[in-house]
Every structure is written in C-alpha cells, then in structure tokens.
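Asker: In this note's numbering, the protein residues as written are 2 to 513.
Glycine residues also receive a C-beta, built at the ideal position from the N, C-alpha and C atoms.
After the structure tokens below, expect a handful of questions from me.
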Ligand code: NAD
C-alpha cells in the first residue's frame, strides 16, 4: 500500500518555492480542495525539483465530484454512443498534438525514461481511437424467441457514476483504459489518480475539457488513498469501482464494494515469469529478459521478475544476462542516453532495497550484479537503484514469490519443461508469462498450461496492445479484463428486451 510519500505543505511555503499549483476538475471547473491544502509532487530523479502542488482532497471534495457526475449522468446516458465517441476521438487528436509535452511531464513526475512515457501517452491515443471506433458498434445481440410473433434482443446499458482509482506506473495509459470505455458506455466518472502522478491525469483531463466534453462527465480529484480514494469507494452514489494497484489495497476495496453491493473490477499485482528452454534463441531471450525485467525500472505489473531457465543453458544465459544488465545506463529519464530511470519515491526505494537484502540474507540467493542504491554525480538526489540480478534462486524464495516492483530479477533453474511450468505457476499471482523456445509443440503446451491472463511466445512478459483484453487470474484480478471490447463488460450492464407483436398474452414456458 502506498503511504503518503509526498508531504502536505502550507500555502506560505508553497508560494516561496513557486512551482505551479493545480486544481481538481469538478462540474467542468478547476477548483481547489475545500480545505485549501495541497501536497507537493517531486521529481524522483532529483527530489529538489518540485513538479507542482496538487489538491490534498478529502471526502468533501469527493462529495462534490460525485454530485457533479450524478447530475451529468441523466443527460450523458442519452447522448448517442457515436456522438460520445466523437468527444473521445477529439481527445485522441489533442493527445497526439501534446504527446511530447505530456510525456516530458510524465517522466518528470514519475521517472521512467522518455521513450517509455511516449509509449504510455501513445497507449492512451491508441485507446482513444479504438474506443471511439466502438461508438458505432457497441454491439448487442438479436436472437430468436420460443414464441411466435415475439422479438428478443440485448443492448448495453450504462451503469451510473463510476469511481476510478489508478496507480502511478502507467499514469495516463491506465486512466485511459478506464475513463474512455466508461464514458463511451454512457457512464459519468470521478477519477482519483495516484498521489505520485497527478500531473499526467491533470493533462489527460485537460484534453477532455478542450474536446468540449459536457461538464460533470469526467471529474478529477487528487489526493491520497486513505483520505480521497476510500471515500470514493464507499460513496453511496458510486455504482461501480474500477481499481488498478496493489493486491493489498485491491482486497480492501473489494471488501468495501461487496459490502455496499457495488460492481467492482480489480487489476492488481503480478509475479511474472519468462521461461527459457534449452532450444531457445538465447540472444533473443536475454534481450527480452532485460526489457521485461528492467523496463520502467521493473515497476510494471507485467515485469519479468522471474527467469526460469533450463539447466542446460543456464550458465550461458546467466553470463549473457549479467553482461547486458551491467551495461545498462541508469540515469534521469529526461536524459536521452538513460535506459533505466529512478524508482518512483522513497517508499519504493526502501521497499526494493529491503527485498534485495532479503534475497541476500534470508533467501541466500547469489547476488550477480547490482544490489545497491546509486548516488554518484547526477544521481545524488534521486531514487536510483542498480539493475539487480540474483542467481540460483529457489522457487519458494521470498524474492521469487512476492512482487518487488523494482529493477530486480531472479534466475531460477529448472530441470525440464514440466518443471518450468510447475515453477511458473507456483505463485499467488497470474498476470503475464512468456516462453522462449523453438519447439512449436512446447510453445502451444505452454500457452495452454501457464496460469496467467496473458501469455507470450518468444517475446517478454510486457507488450500489451489496447484492442486485446488485459488482466490476470489468481491474486492478480477478480475476473474482469480491461482493454479490448471485453472492457465494455465492466462498464455496462446487459439489458434484455422482448417485443411481443402477437397482440395477445403469450406465456413463456407455460404450455397449458
Ligand atoms: P497502490 O495499491 O498503493 O495504490 C493504487 C491506488 O489506490 C492509488 O491511487 C492510491 O492512492 C489508491 N489507494 C490506496 N489506498 C487506498 C484505499 N484504502 N482506498 C482507496 N484507494 C486507495 O498501488 P501503487 O503503488 O500505486 O501501484 C503499484 C501496484 O499496482 C503494483 O502492485 C502493480 O502490480 C499494480 N498494477 C497492476 C496493474 C494491472 O493491470 N494488473 C497495472 C499497473 C499496476
């Protein structure tokens, strides 16, 4: 669970340092939090750089935002979906125009390197075009009736006001996976972004404002989980909660939502494995492992934090991987030469270093490279950790079981294919997995037997595309999928319609 890593500051101190102060977006207007408090958003590559101040909102602000969304809902649900889609298409155009500036801000507030934040923004653009296209589909079904002169069909219906809670690692992509399908389906929303990335969501919401979206359809409230997120989850007007974040917080939210009878969709943690078989293209597998483990400094729900390697190739693979890892350039994400940026905040830094310590001491794994905080030169004021590889890790080791969410990966030896699948499936999560092999039969067996929502062959565990469903099994999710048309299953209800044109009373199932 993320704790408030960014301190609340008084208005007096805020003025002295002068970075911009941002506002919540409620009923189409930019407003301060009711208590007037703000929190500072720091650049994790250099914590002396304050990106901005954001409303430290509480239940009162949530109340106002939910009221705005509730007021907008009856009109918005009657806007035809192709018209709703036109706003979404315009949002996509605005994001394209502002892609560079948005990506720059995103790197500054959460650290990942610029080429990755460009990818994050691109994902929201892709999502906007995909969802906008669906405005002219949003298919239901027509079907037969058991009675003569009776017509039967299904349509998608809006749900109402949705509460959206998002994490910091994909600051605009994940909000886009939620806001866009939600409003296409005729819902109105209140989004509470992660406290580490309010600027990216502010910029996203600015695009809705510029696109002319009617007031109240999308509302933004910034703040911490306990003070702004929790009142959103429990608010009686909220009909659906869509959450992406840690499994620990997701379970709390699921319990609260169940207690109030709300629909709840959860996307949570992962402990993803790349399986490398003895017939794999090792160059390709190493390249995939480096990108899978250290992209976004390992802070991806789909990060490859386990590398399950066949005993016949483990020595060579390990040597190649360590060489490649040691050559990675760690540095500020805004420097085009950097390949791995900082972790997002002090809590994350401590958490990752703690797991590295567990790996060394409790798990007795072999530390092959990395394992330390980096503080030299440019890195002195940031949260940088050297990309870390552990070797000879037991499948049940803590670092092979728990989500670390940092630039740390564990090489686990396996005897054969069956052993690899058993190890891969032997964790509490089930988001993504991959296998490197040149044997087509093994590839298909792996696709069948890996217990995950997403599975790759000869590619790393990351690389999702917006028009396919995204999500996981076991501790990762609760049966929903974002992305693809499957997202509409979350954000709409099915309504079943019968039209009897016989002119008389007909009774289904009753024969006499
Ligand atoms: P987190 O669970 O700490 O926070 C996520 C969001 O929940 C934040 O907006 C936070 O403010 C809010 N929150 C915290 N406590 C709350 C409460 N009691 N009530 C309501 N809201 C609350 O997660 P994080 O540190 O922001 O993100 C990292 C986690 O997210 C990792 O576990 C990662 O695997 C997961 N994640 C999963 C996916 C996926 O699709 N499966 C994608 C990205 C990240």
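What ranges does the alpha helix (DSSP H) occupy inside the segment 199–226, keeping only unbroken runs of at least 4 residues that lie completely in it?
Answerer: Runs of the alpha helix (DSSP H) inside the segment 199–226: 199–211.
Asker: Mapping the DSSP letters down to three states, classify residue 178 as helix, strand or coil.
Answerer: Looking at residue 178 - three-state DSSP - the assignment turns out to be helix.
Asker: Is the separation between the beta-carbon of residue 161 and that of residue 241 shorter than 9 Å?
Answerer: Taking 9 Å as the Cβ cut-off, residue 161 and residue 241 qualify as a contacting pair.
Asker: List the residues that DSSP assigns as beta-bridge partners of residue 483.
Answerer: Paired residue(s): 471.
Asker: Kindly indicate which residue of 237, 171 and 231 has the alpha-carbon position closest to the one of residue 1.
Answerer: A query on residue 1 cannot be resolved here, the shown segment of the chain reaching from 2 to 513 and no further.
Asker: How long is the line joining the alpha carbons of residue 432 and residue 368, rounded to whole angstroms?
Answerer: Residue 432 and residue 368: Cα-Cα distance of roughly 26 Å.
Asker: In chain order, what residues of the same chain lie with their CB nearer than 8 Å to the CB of residue 100, ignoring the 5 residues before and after it?
Answerer: Excluding sequence neighbours, residue 100 sits near 119, 122, 123 and 126.
Asker: Let me make sure I understand the geometry here. Which of 29, 395 and 182 has the alpha-carbon closest to that of residue 222?
Answerer: Out of 29, 395 and 182, 29 has the C-alpha closest to the C-alpha of residue 222.
Asker: I need the boundaries of the beta strand (DSSP E) containing residue 499, first residue and last residue.
Answerer: 494–501 is the span of the beta strand (DSSP E), which, as asked, contains residue 499.
Asker: Assign residue 366 to one of three DSSP states: helix, strand, or coil.
Answerer: Residue 366 falls in the coil class under three-state DSSP.
Asker: Report yes or no: do the segment 411–430 and the segment 472–491 share at least 3 C-beta pairs separated by less than 8 Å?
Answerer: With the cut-off at 8 Å, the segment 411–430 and the segment 472–491 touch.
Asker: Any chance the CB of residue 306 is under 8 Å from a heavy atom of the ligand NAD?
Answerer: Answer for residue 306: no, Cβ out of range of the ligand NAD.
Asker: Use the C-beta contact count for residue 320: other C-beta atoms within 10 angstroms, 16 or more gives buried, fewer gives exposed.
Answerer: Classification of residue 320: exposed, given that the 10 Å Cβ count is below 16.
Asker: Mind checking who residue 158 pairs with in its DSSP beta bridge?
Answerer: DSSP lists 494 as partners of residue 158.
Asker: Please determine whether the Cβ atom of residue 456 lies at a distance below 8 Å from any heavy atom of the ligand NAD.
Answerer: Result no, Cβ not under 8 Å from the ligand NAD.
Asker: Thinking just about the alpha-carbon of each residue, which of 489, 390 and 215 is nearest to the one in residue 361?
Answerer: Closest option to residue 361, Cα to Cα, is 390.
Asker: Check for me: the alpha helix (DSSP H) holding residue 135 runs from which residue to which?
Answerer: Residue 135 -> alpha helix (DSSP H) spans 115–135.
Asker: Could you tell me if residue 502 is buried or exposed, where buried requires 16 or more neighbouring beta carbons within 10 angstroms of its beta carbon?
Answerer: Exposed: under 16 other Cβ atoms inside 10 Å.
Asker: Take residue 73 as the anchor and find which of 57, 145 and 216 has the nearest alpha-carbon.
Answerer: When each option's Cα is compared against that of residue 73, the closest is 216.
Asker: Would the beta-carbon of residue 197 be found less than 8 Å away from any heavy atom of the ligand NAD?
Answerer: Yes; taking the cut-off as 8 Å, the Cβ of residue 197 has a heavy atom of the ligand NAD nearer than that.
Asker: Looking only at its chain, what residues have a beta carbon closer than 7 Å to the beta carbon of residue 33, apart from the 5 residues adjacent to it on each side?
Answerer: Excluding sequence neighbours, residue 33 sits near 24 and 56.
Asker: Please tell me whether residue 442 and residue 196 are closer than 9 Å, where the distance is taken between their beta carbons.
Answerer: No; because the gap between Cβ atoms is not below 9 Å, this pair is not in contact.
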